[in-house]
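Peer 1:
In the numbering used here, the protein residues as written are 0 to 95.
#1: Between residue 20 and residue 41, is the Cβ-Cβ spacing less than 8 Å?
#2: Whose CA, out of 37, 49, 43 and 57, lies closest to the CA of residue 75?
#3: Taking residue 27 as the reference, which of 92, 94, 88 and 95 has the closest Cα?
#4: Can you tell me whether DSSP reads residue 52 as helix, strand or coil?
#5: Output needed for residue 59: all residues of its chain with C-beta closer than 6 Å, excluding positions within five of it in sequence on either side, in chain order.
#6: How many whole angstroms separate the CB atoms of residue 61 and residue 93, which I take to be in contact at a CB cut-off of 8 Å?
#7: Helix, strand or coil: how does DSSP classify residue 88 here?
#8: According to the Cβ coordinates, are residue 54 and residue 90 closer than 8 Å?
#9: Comparing alpha-carbon positions, which option in 9, 17 and 34 lies nearest residue 81?
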């Protein structure tokens, strides 16, 4: 008689989300939301565009004053985005 191992769906999903490629893709997809959360309501309300390509996160901000504030905090913002992603996703944050 052959014994089979019962695998729960939850275990399969957990294994899937541990995969580094899947984790990276999910984190990339969440970047616009993560940006708004990390940047805060004032910066988020002035954010016109968030784009990501090969480690570079570009953010277009309409207000010059808010843009300057975000520019001065760009390293902290980048580090917090990476912390929340659980991986080094963003190498450079470009504020435009």
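Each residue gets a CB set at the ideal place from its N, CA and C atoms; glycine is no exception.
These figures come from a predicted structure and were not determined experimentally.
Peer 2: According to the structure data:
#1: The residue you call residue 20 lines up with position 21 of the chain shown. The residue you call residue 41 lines up with position 42 of the chain shown. Contact: no.
#2: Mapped onto the chain shown, residue 75 falls at position 76. For residue 75, the nearest C-alpha among the options comes from 37.
#3: Here the question's residue 27 lines up with position 28 in the chain shown. Minimum Cα distance to residue 27 is reached at 88.
#4: Your numbering for residue 52 matches position 53 in the chain shown. Note: residue 52 maps to strand in three-state DSSP.
#5: Reading the chain shown from its first residue, position 60 is the one you call residue 59. Closer than 6 Å at the Cβ level, and outside the excluded window around residue 59, lie 47, 48 and 95.
#6: Walking along the chain shown from the start, residue 61 turns up at place 62. Walking along the chain shown from the start, residue 93 turns up at place 94. Incorrect: roughly 16 Å between the Cβ atoms, too far for contact.
#7: Position 89 of the chain shown holds residue 88. Coil.
#8: Counting from one through the chain shown, the residue named residue 54 turns up at place 55. Counting from one through the chain shown, the residue named residue 90 turns up at place 91. With a cutoff of 8 Å on beta-carbon distance, residue 54 and residue 90 are scored as near each other.
#9: Your numbering for residue 81 matches position 82 in the chain shown. Answer by Cα proximity: 34.
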